[in-house]
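Worksheet for the structure shown next.
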Ligand code: PEP
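Shown next, in the form of C-alpha cells:
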C-alpha cells in the first residue's frame, strides 16, 4: 500500500502564495518511492495548484457540500472540486466539527457526495483531551468512525487525529497512533471485510520531519495528515526524506 502524505493548509495561502509554494516545490521535489503526496488547499487555490504542481502530486479540498447543487449559498460542490482537478477532499476535520457543528451524519453525507463525484474522501475522527483522560478514546473514536462512514463505500481514507494533538505541538506517541489505527482497522474490517486491508489509515497531530518516520513505521499507520508542517516547502521535503 502506498503511504499517503496529505498536507492540510487550512485557511492559509492566497492563490498567489499557493502558486509560489508549488513553484518552489517543483524546483526541489524528487518523488519518494511508495509515497503519495496530496495538497489539501482552500478551494480558491486549486487552479493555481492545477497549473503549477509537479506531475504526480494530487490536490483536493478541505470540505465539500453534502448537496449535489442548488440553493446552498457559499457552499462548494463535489462536482466543482472535481472539475477544478481535485481528486480528494477532507471531510469531518475537527475544526469543521467544532466551529461548524458538523455531526457524524453530516460528515457521512459529505463523504458519500464526494464518492458519488469520483473524489476520494479523507474522513477525520479523533477524541478530545477530556475523553482521552477518561480513557474512553478508543470506543469514542470508533463510534465517531462508524457514524461518519454510514453508507460510505470502501474507497476512502481515514485520518485519526486526536484533537488535543492538532496544532498544539503535542504529538501522540507512535504507539498511541498505532493503538487507534489498529482499532480503526478492526472497525473497517467489520464494515468492509477484506477491502479494509486496502484502506489507508493516517495519523494527524503535530507531525513534522522529526517524528513522521516513527509514526508511519507502525503497521496500521499508512501515512499522515499534516497541518503546520505543510506550509513550508523545506518541511514537506524533510518529511518526504524521512519516509524514503
Ligand atoms: C491538521 O490540520 O489536520 C493537523 C494535524 O494539524 P497540525 O499538523 O498542525 O497538528
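Numbering (the working numbering), first residue to last: 14 to 257. Built from N, CA and C at the ideal position, the CB exists for glycine as well. What you are looking at is a predicted structure, and each value in this text was computed from that prediction instead of being measured.
About 19 Å separates the beta carbon of residue 105 from that of residue 72, a gap too long to meet the 8 Å contact definition.
Distance check between residue 135 and each of 52, 37 and 64 places 52 closest, using alpha-carbon atoms only. Cβ contact annotation for residue 202 (same chain, cutoff 6 Å, sequence separation greater than five): 209, in chain order. Burial of residue 115 is indicated by the presence of at least 16 other C-beta atoms within 10 angstroms of its C-beta. Residue 239 is positioned such that its CB atom lies no closer than 9 Å to that of residue 214. Residues of the same chain with a CB within less than 6 Å of the CB of residue 82, apart from the 5 flanking positions on each side, are 90 in chain order.
Straight through space, the alpha carbons of residue 128 and residue 74 are spaced by roughly 13 Å. The continuous beta strand (DSSP E) containing residue 213 extends over residues 213-217. Between residue 186 and residue 178, the beta carbon gap of about 10 Å keeps them out of contact (Cβ cut-off 8 Å).
At a Cβ-Cβ threshold of 9 Å, residue 234 and residue 194 count as neighbours. Between residue 117 and residue 161, the C-beta gap is smaller than 9 Å, which places the two residues in contact. Restricting attention to 148, 47, 200 and 137, the CA atom closest to the CA of residue 176 is found in 137.
Counting only runs of at least 4 residues, the stretch 105-148 fully encloses the following alpha helix (DSSP H) elements, listed from N- to C-terminal order: 107-112, 117-129 and 142-146.
Per the C-alpha coordinates, the member of 42, 29, 236 and 14 positioned closest to residue 247 is 42. Ligand 1 has a heavy atom closer than 8 Å to the beta-carbon of residue 106. Taking C-beta atoms as the reference points, residue 47 and residue 256 count as a pair closer than 9 Å. A distance below 9 Å separates the beta carbons of residue 170 and residue 19.
Annotation for residue 229 indicates a beta carbon at 8 Å or more from all heavy atoms of ligand 1. Where residue 94 is concerned, the enclosing alpha helix (DSSP H) starts and stops at 91-96.
Only residues of its own chain outside the window of five on either side were considered, and among them 121 and 125 have a CB closer than 7 Å to the CB of residue 164, listed in chain order.
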